[in-house]
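Student: Taking the working numbering, the leading residue of the sequence shown gets 13, the next gets one more, and so forth. All residues carry an ideal CB built from backbone N, CA and C; glycine is no exception.
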Amino acid sequence: MSHQASGAWTENSLYTFASGGSPEAGLILDSAHNLYGTTFTGGAHGTGGVFRLTRVNQNGNLVWKYIQLYSFTAGTDGSNPASPLTFDASGNLYGTDAASASTCQGFYGCWQVYKLSVGSNGLWHIGALYPIPAQSDPGNGSLVLDSSGNIFGTAYDNHYYSGAEVYEVTQ
13 MSHQASGAWT ENSLYTFASG GSPEAGLILD SAHNLYGTTF TGGAHGTGGV
63 FRLTRVNQNG NLVWKYIQLY SFTAGTDGSN PASPLTFDAS GNLYGTDAAS
113 ASTCQGFYGC WQVYKLSVGS NGLWHIGALY PIPAQSDPGN GSLVLDSSGN
163 IFGTAYDNHY YSGAEVYEVT Q
């Protein structure tokens with residue numbers, strides 16, 4: 013949205029997702045003004061992904077280019093990322109997604125915190141996975157990192173819908 017001198021707002025669509033992409037969480041911005049986000053579905057395997065929108069010059073016009081950084085496989089990396097992303101000081105990305113069925117112990121599923129890092133080949137990969145305690149669902153809540161690298165988030169009881177928690181994941 014751009015604010016006009018008249019006081020009106022003008023909408024400018026930056027990118028339109030094809031069917032299968034479902035950006036349900038918020039966006040974050042890096043120092044180079046790239047936007048990062050997740051799609052709950054879509055990606056190479058249909059189980060969600062992490063993307064970046066970058067401004068590029070195309071025939072004299074600045075346009076936003078979509079770049080798929082990572083596609084979840086629904087394997088050990090999980091699926092369906094739910095939360096907005098968070099950067100750490102090294103540029104790694106953190107978020108939450110549904111853990112794979114093989115790592116879940118409960119009937120109602122479970123969730124995990126993932127860390128995406130850029131490898132030596134320049135491609136993003138899962139750097140670490142941390143289970144979220146008990147049968148707690150983070151919904152689309154944000155993560156916060158402290159200066160020691162500890163991760164904090166909120167979740168609700170997805171079994172009985174009877175409570176909620178603030179959790180900490182230590183690295």
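Helix, strand or coil for Q80? Go by DSSP, reduced to three states.
Tutor: Of the three classes helix, strand and coil, the one that applies to Q80 here is strand, per DSSP.
Student: Between W136, L41, I138, E177, which has its C-alpha nearest P150's C-alpha?
Tutor: Comparing Cα positions, the closest option is E177.
Student: Quick check for students: name the residue ranges of the beta strand (DSSP E) that lie wholly in the stretch 50-110, counting only runs of 3 or more.
Tutor: As far as the stretch 50-110 is concerned, its whole beta strand (DSSP E) runs of at least 3 residues are 61-70, 73-83, 105-110.
Student: Once DSSP output is grouped into helix, strand and coil, what is the label at H137?
Tutor: Three-state DSSP puts H137 in a strand.
Student: Candidates L74, G90, G33, Y82: which alpha carbon is nearest L135's?
Tutor: Here the closest residue by C-alpha is Y82.
Student: Following the continuous beta strand (DSSP E) through S34, name the residue where it begins and the one where it ends.
Tutor: Looking at the DSSP string, S34 is not in any beta strand (DSSP E), and its letter there is neither H nor E.
Student: Which same chain residues end up closer than 7 Å to S91 when comparing Cβ atoms and leaving out the 5 residues on each side of it in sequence?
Tutor: Here the set comprises T59, G60, F84, D109, A110.
Student: Is it buried or exposed, T182, if we count other Cβ atoms within 10 angstroms and call 16 or more buried?
Tutor: Exposed, by the Cβ-count rule.
Student: V130: which of C122, Y106, G153, Y142 sits nearest, CA to CA?
Tutor: Closest by alpha carbon: Y106.
Student: Beta-carbon separation of F29 and G55 under 9 Å?
Tutor: No, the pair does not count as a contact, with Cβ atoms beyond the cut-off.
Student: So what does DSSP say about I144, is it helix, strand or coil?
Tutor: Three-state DSSP puts I144 in coil, outside helix and strand.
Student: Let me check understanding here. Comparing Cα to Cα, which of K77, E36, A20, I40 lies closest to L26?
Tutor: The shortest C-alpha separation from L26 is found at K77.
Student: Nearest to L39 by CA position, among L141, L74, R64, S132, is which residue?
Tutor: Nearest C-alpha to L39: R64.
Student: Just to confirm my understanding: we take D89, look at its own chain, exclude 5 residues before and 5 after, and list those with CB closer than 6 Å. What are they?
Tutor: So the qualifying residues of the chain are I138.
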